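Peer 1: In my numbering, the protein residues as written are 624 to 756. Heads up, the beta-carbon is just placed ideally off N, CA and C, and yes, glycines get one too. Keep in mind the model is a prediction, meaning the values are calculated, not measured. Pasting a structure below so you can have a look.
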Amino acid sequence: MYSQLYLDPKYHISDLEWQVLQDIYDILEPLHAVQTLMGAEMTPMAPLYFPFYFGLITALEKKCSEPRYAYLNEVFRAAISKLKEHLDDMRFSKAVILSTIIHPALRFRWFKENWPQHHLHEAQRIILREVSD
């Protein structure tokens, strides 16, 4: 019964629809990968919040600039906007900043290489205040 239903041409997906689905998958795949990694219960993720968010934003901005995805610009813009909003919420979190600083692969070097100068001073202030207390 079900196999007959799937053979009905009115339920077939066109090549264009398959391509749109593939493009949507291309957008969602990195988001899903990061969510899967950050959802792992046995791994401390706080030090990786900033690198993950920066990486996702960069990847989405790169895809957004590709002509192939021009018709999905609104989707990209919404995703990038939401990621930046979450990033701004975490940007001055003492816990996230300090966990990034003590992570052996990241340390303060990550902030120097990735943060805007005007935010870098605030991160330094938070670190110095916490370390000196």
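#1: Assuming LYS686 contacts TYR694 (C-beta within less than 8 Å), just tell me the rounded distance between them.
#2: Alpha carbons only, please: which of LEU743, TYR672, GLU736 is nearest the one belonging to ALA718?
#3: Closer than 6 Å to a non-hydrogen atom of the ligand SAM - does that hold for the CB of ARG730?
#4: So, for ARG714: in the same chain, excluding its five sequence neighbours on each side, which residues have a beta-carbon less than 7 Å away from its beta-carbon?
#5: Please report the residue range of the alpha helix (DSSP H) in which PHE734 lies.
#6: How many Å lie between ALA656 and ASP649 at the Cα?
#7: In three-state DSSP terms, what is GLU684?
Peer 2: Straight from the coordinates:
#1: Not really, about 12 Å apart at Cβ, beyond 8 Å.
#2: Cα-wise, what sits closest to ALA718 is TYR672.
#3: With respect to the ligand SAM, the structure offers nothing, as it holds no ligand at all.
#4: Same-chain partners within the cutoff: HIS742.
#5: Counting along the chain, the unbroken alpha helix (DSSP H) around PHE734 starts and ends at 730-737.
#6: Cα-Cα distance, rounded: 11 Å.
#7: The three-state secondary structure of GLU684, taken from DSSP, is helix.
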